[in-house]
Structure formats: structure tokens, C-alpha cells
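Q: A single structure is presented below for examination.
In my numbering, the protein residues as written are -15 to 256.
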């Protein structure tokens, strides 16, 4: 019973540890997943801005030697930048608006305005990239901060698994011991019953051997042995006969008559 209580206490302790560690592990996992998603999102934005910066830098470089032509269509107005290779690139709408306003002006003015607009956009993108890099650093630090906790949780989980294995082994051993103990108890009960039977038989045999052909040793199992009869008559005389005799004596009946009356009464009771 003590062993069972010991195993129950161990099982409860393990369950409490498992529950607490599981909640803590789930919390850190969710936190790391959130940080990981943030990192992915920030890196995507970072890559997009890097591409835009490179594109703007190429446009700025081509703009220094290229030719700008304003082209009007039925529904929209766009600016075409003709590079050295003869390729045309459609500019952003803010730049298009500036070029349209200066369409009738000098080409050098158009080029300066476009350069300024592209430079501003490039600076803005670089600023965003810098902000994203800082966010990446903060997220990396946050993930690194929780990494020891995750390692500790993994170690605790491994320890918990090992304890569960040991507990299962001990439970199996305890079950076998309980089965052996129960079997021993049943065998002890059978042995004790057999011992009692043999003891009774031996006592009866010994008593028979002692009383056989030996009148000096009384058979205590005989209810009609002389000592038993004498004891019964003595109890009758002490408890009943004297009381009745006194009652008749008070009535001034002769002693001989009292004895005859009591004797007659006993005979009637014996032979109704």
C-alpha cells in the first residue's frame, strides 16, 4: 500500500511538471513563431526595397546620358525613358507629373527634376531599409534571448520523458511484486489452515492415547465423566436444593418429610 501511494505521488508530481512545462513551452513556441513571421515579413520588405533602390539607381544612371520623351495616349500620359540600348522604361507617376509640367521646357531642367525626384525616392527607400535592418536586429536579439529558455525546455522535456520511462518500469515491477505478494498471502492462508487441521488431529490423537486404558486421566471431551457429574450435583445442591429446603423449613415441615417431597419431585421431573 505504501508503494502504491509512493507511485501515485510520483505520478502526480510528474503530471504537474508536465502541465507547467507544456504551458511554458507552448508560450515560447508561439513567441518564437511570431518573431519568425516578423523576420520573414521584414526580410521580404527589405528585399523589395533593395530591388527598388537598385532599379532607381539604374534609372538615375541612365538618366544622365539618356533621352526623355513625353508620350501621350488616349487615356493616360506616361514618360518614356530611352536608354543607350534603346530600351524604354515607364517611370513612376510622381515623376511623370513633373515631366509633363516641364514638357515644353528645356531638357536639362527635365533631367534635373527627374533626378531630384528619383533621389528623394531613393533616400526614402534607404531610410526604410535602415528601419527594417534595425527591426531585424531587434527581432534577432529577442529570438536569441528566448533561445536559452527553449534549450532548457527541451532538456526538461527529455528529463520528463526519462522519468516517465523509469516510472513505467517501476510500475511494472510493482505490479509483479503485488502479484507475488498476493500469491504468497493465499499460500500462507492455505498453509495455516493445514497446520490448524494437523494440530487438532494431533491433539485429538494425543488425548485418545492418554485416556485409553488409563482411568486416572479423564477425557475432557466426555460430558458424563465423574467430575463433571459431581460438579453438576454440587451446583444443584448449592443453588437450588438449599433454597427450597429453607422455604419448607419455614413452614415447620419435618426434615424427613422435606427430603421425601424433594426426592419425589426430582423423580417426577426425570420420569414425567
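Built from N, CA and C at the ideal position, the CB exists for glycine as well.
Bear in mind the structure is a predicted one, so any value in this text is a computation, not a measurement.
(1) Per the contact definition of three or more C-beta pairs closer than 8 Å, is the region 28 to 39 in contact with the region 103 to 111?
(2) Does the beta-carbon of residue 33 have 16 or more other beta-carbons within 10 angstroms, so that it is buried, or is it exposed?
(3) Could you have a look at residue 238 and say whether DSSP puts it in helix, strand or coil?
(4) For residue 114, count neighbouring C-beta atoms within 10 Å of its own C-beta (all shown protein chains included) and say buried if the count is 16 or more, exposed if not.
(5) Taking buried to mean at least 16 other C-beta atoms within 10 Å of its own C-beta, is residue 137 buried or exposed?
(6) Where does the unbroken alpha helix (DSSP H) through residue 212 begin, and where does it stop?
(7) Leaving out five residues on either side along the sequence, give the residues of the same chain with a beta carbon under 8 Å from the beta carbon of residue 179.
(8) Does the Cβ-Cβ distance between residue 242 and residue 232 come in under 8 Å?
(9) Shortest alpha-carbon distance to residue 249 belongs to which of 235, 228, 176, 29?
(10) Classify residue 80 as helix, strand or coil using the three-state DSSP reduction.
(11) Taking DSSP as the reference, what is the three-state secondary structure of residue 28?
A: A quick look at the data gives this:
(1) yes
(2) buried
(3) coil
(4) exposed
(5) buried
(6) 210 to 220
(7) none
(8) yes
(9) 228
(10) With a pLDDT of 47 at residue 80, under the threshold of 50, the modelled position of that residue is not reliable, and the figure given next carries that caveat. It is helical.
(11) helix
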